[in-house]
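Quick notes on the structure that follows.
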Ligand SMILES: [Fe+2]
Ligand SMILES: [Fe+2]
């Protein structure tokens, strides 16, 4: 199974050469699914949503999309009013509350989660939040998974900070959510927001839940060129490749390989390999 993970395209401030080259590369990869993990637009404007929808329409289907903090109206009095009364109307009119309808492959159960907020009781509304109810809903959605299916959660903000990352997400409820998803046996939590790709395990439960961040396809680079992720899954491993834009095309920037939880379990049952407890 092959997944493509893009995020932070920020139409209105997109990297024009990179988004064009990304279409070409993603078409060539023939993925089973394209996932867009939020910040599709720069300021949540109608024209920016039109542009991202047109771009996604050029990519192989199915698609699964979740919003980011930039995908609600932002600049100007009329925009602020729209943000007040219907912050997600523009997003949902195009992508629905959850664009999960296109994905029904039993090999992976994928649940989306909106970690962005139109308003918060703190100065920086761009940071994330996950409520207990959202965590319960995600865990309930994951219960539908077949025994050896991959379990994936998609949201915009990294639930736990990437150490040394170019910015923070400071997600209210993020640690509790990461802990709950680890205990629920989630394999991958796919996010965007910090504009840099990363992979690291959550330090909870069996230590096999991997946080996977994708970079940006915008000009808002933070020390890393425009990039997106390829995620290839077989019976044994999950391989994540960050592809970075270089002059005219995407090239391999970094690759991570992590064992699948079900393969570790099978090895344990055969007595061949012990899963080392994670040091927290
Ligand atoms: Fe972003
Ligand atoms: Fe963001």
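Numbering (my numbering), first residue to last: 22 to 301.
Yeah, the Cβ is synthetic: ideal placement off N, Cα and C, and Gly gets one too.
Residues near residue i in its chain [Cβ-Cβ closer than 7 Å; skip 5 each side]
{"i": "residue 179", "result": "190, 212, 214, 215, 232 and 234"}
{"i": "residue 116", "result": "86"}
{"i": "residue 126", "result": "53"}
{"i": "residue 82", "result": "123"}
{"i": "residue 109", "result": "88 and 93"}
{"i": "residue 34", "result": "63, 239, 240 and 241"}
{"i": "residue 201", "result": "156 and 160"}
{"i": "residue 166", "result": "130 and 172"}
{"i": "residue 24", "result": "52, 53, 54, 56 and 252"}
Buried versus exposed call for residue i [16 or more other C-beta atoms within 10 Å across all chains shown]
{"i": "residue 204", "result": "exposed"}
{"i": "residue 69", "result": "buried"}
{"i": "residue 181", "result": "buried"}
{"i": "residue 26", "result": "buried"}
{"i": "residue 208", "result": "buried"}
{"i": "residue 28", "result": "buried"}
{"i": "residue 32", "result": "buried"}
{"i": "residue 301", "result": "Bear in mind that a pLDDT of 35 at residue 301, under 50, signals an unreliable position, so the model cannot answer this."}
{"i": "residue 272", "result": "exposed"}
{"i": "residue 99", "result": "exposed"}
{"i": "residue 168", "result": "exposed"}
{"i": "residue 290", "result": "exposed"}
{"i": "residue 97", "result": "exposed"}
{"i": "residue 145", "result": "exposed"}
{"i": "residue 101", "result": "exposed"}
{"i": "residue 51", "result": "exposed"}
{"i": "residue 184", "result": "exposed"}
{"i": "residue 140", "result": "exposed"}
{"i": "residue 248", "result": "buried"}
Proximity of residue i and residue j at Cβ, strictly below 8 Å
{"i": "residue 36", "j": "residue 251", "result": "no"}
{"i": "residue 217", "j": "residue 186", "result": "yes"}
{"i": "residue 114", "j": "residue 177", "result": "no"}
{"i": "residue 265", "j": "residue 274", "result": "yes"}
{"i": "residue 56", "j": "residue 40", "result": "no"}
{"i": "residue 42", "j": "residue 241", "result": "no"}
{"i": "residue 133", "j": "residue 172", "result": "no"}
{"i": "residue 170", "j": "residue 143", "result": "no"}
{"i": "residue 79", "j": "residue 44", "result": "yes"}
{"i": "residue 263", "j": "residue 175", "result": "no"}
{"i": "residue 282", "j": "residue 206", "result": "yes"}
{"i": "residue 138", "j": "residue 188", "result": "no"}
{"i": "residue 285", "j": "residue 229", "result": "yes"}
{"i": "residue 67", "j": "residue 104", "result": "no"}
{"i": "residue 223", "j": "residue 199", "result": "yes"}
{"i": "residue 22", "j": "residue 210", "result": "no"}
Own chain residues within Cβ distance below 6 Å of residue i, not counting five before or after
{"i": "residue 61", "result": "30, 73 and 92"}
{"i": "residue 302", "result": "In the structure displayed, the chain extends from 22 to 301; residue 302 sits before or after that span and is not available."}
{"i": "residue 245", "result": "217 and 236"}
{"i": "residue 193", "result": "150"}
{"i": "residue 219", "result": "183 and 234"}
{"i": "residue 221", "result": "232"}
{"i": "residue 90", "result": "137 and 147"}
{"i": "residue 225", "result": "200 and 203"}
Spatial neighbours of residue i in its chain, beta-carbon cut-off 8 Å, leaving aside the 5 residues before and after
{"i": "residue 38", "result": "266 and 269"}
{"i": "residue 16", "result": "For the chain, the structure presents residues 22 to 301; residue 16 sits outside this window and is missing."}
{"i": "residue 280", "result": "229, 257, 258 and 259"}
Which residues end up in the neighbourhood of ligand 2 when you take C-beta atoms closer than 5 Å to any of its heavy atoms?
60, 89, 90 and 214
Mind the definition here: the segment 137-152 touches the segment 255-271 only if three or more C-beta pairs lie below 8 Å; say whether that holds.
no
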